[in-house]
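Please read the structure below before turning to the comments.
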Amino acid sequence: VPDTETKIKTKADGSGIETEGIKYIVGPYDEFAIEEALKTKEKNAGSEVTVLSLGPARCVEAIRTALAMGCDKAIHIDDEGTNPDSYVVAKSLAKLIQDKGFEIVFTGKQAIDQDNSQVTQQVAEFLGWPQVMILEKLEIAGGKATATRRISGGAKEVYEVPLPAVFGCEKGLNTPRYASLPGIMKAKTKPVEALKLSAVKGDAQAKVVLSNFRLPPEKAPGKMIQGDAAAQAKELVRLLREEAKAI
1 VPDTETKIKT KADGSGIETE GIKYIVGPYD EFAIEEALKT KEKNAGSEVT VLSLGPARCV
61 EAIRTALAMG CDKAIHIDDE GTNPDSYVVA KSLAKLIQDK GFEIVFTGKQ AIDQDNSQVT
121 QQVAEFLGWP QVMILEKLEI AGGKATATRR ISGGAKEVYE VPLPAVFGCE KGLNTPRYAS
181 LPGIMKAKTK PVEALKLSAV KGDAQAKVVL SNFRLPPEKA PGKMIQGDAA AQAKELVRLL
241 REEAKAI
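Note that my numbering gives residue 76 to position 76 of the sequence shown, counting from 1, and the numbers run on in steps of one.
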């Protein structure tokens, strides 16, 4: 996803954002997913963590970051410039997960660029696996997972689900580790399997097409009200009534 400090500019034709010069990073929620996968690996001897990413070539940089954190291998599915919707992404990832025989899937609860929060749930549906979103705590034992998720009002729900399962990770689940210098060096030699979307998606076709992309209008500059408290109050009421049309 684009770095959160990036200043976004839209394309002239409204088809998306200008990507040139943008720094891309691992999504913050994806970092929680990576950390939880690594913690799970450390508790289960002989297991491996594989990173999956579907998108343009620039995704490889984020993949290397995940490998530097401690993941063992990675798979990059090149979207071939098609900008697929969440349905195609989820269908393709689910097929690959099934083909590779993975047992647990960790994802970020959502990407921070489009905030759709759709892929994780669809992946679980296509796989026929249980899924728990907004994960805040996870315990695995005896082929089952006890998962705690946060809901509105600060309340929590606790689920027990059989494995394999899909988990959408939330802030507070863990503290993602930093990539060490040795980890960064090792990441350069770890395998990244390269696939094409056309070879993975099967007959999946987009259900949603982005018709227009635009930024919200710029906010009007603020106004400083001068004078004593009484004068300021009078002027504020006038502005709210005559300009803001709020009263």
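Even glycine gets a Cβ: it sits at the ideal position worked out from N, Cα and C.
If you draw a straight line from the alpha carbon of residue 62 to that of residue 238, how long is it in whole angstroms? 52 Å
Count the other C-beta atoms from every protein chain shown that fall within 10 angstroms of the C-beta of residue 42, then say buried if there are 16 or more, exposed otherwise. exposed
Do residue 103 and residue 163 have their beta-carbon atoms positioned less than 8 Å apart in this structure? yes
Is the separation between the beta-carbon of residue 29 and that of residue 110 shorter than 8 Å? yes
Are the CB atoms of residue 10 and residue 18 within a distance shorter than 8 Å? yes
If distances are taken between C-alpha atoms only, which option among 85, 99, 137, 204 comes closest to residue 115? 85
Determine, using beta carbons only, whether residue 131 and residue 108 come nearer to each other than 8 Å. no
At least 3 beta-carbon pairs within less than 8 Å: the segment 66-79 vs the segment 205-222: no
According to DSSP, what are the bridge partners of residue 144? 141, 162
What's the gap between the Cα of residue 147 and the Cα of residue 60? 31 Å
For residue 169, the residue or residues it bridges with in DSSP: 108, 135
Between the C-alpha atoms of residue 266 and residue 94, what's the straight-line distance to the nearest angstrom? There is simply no residue 266 to check, as the chain begins at 1 and stops at 247 in what is shown.
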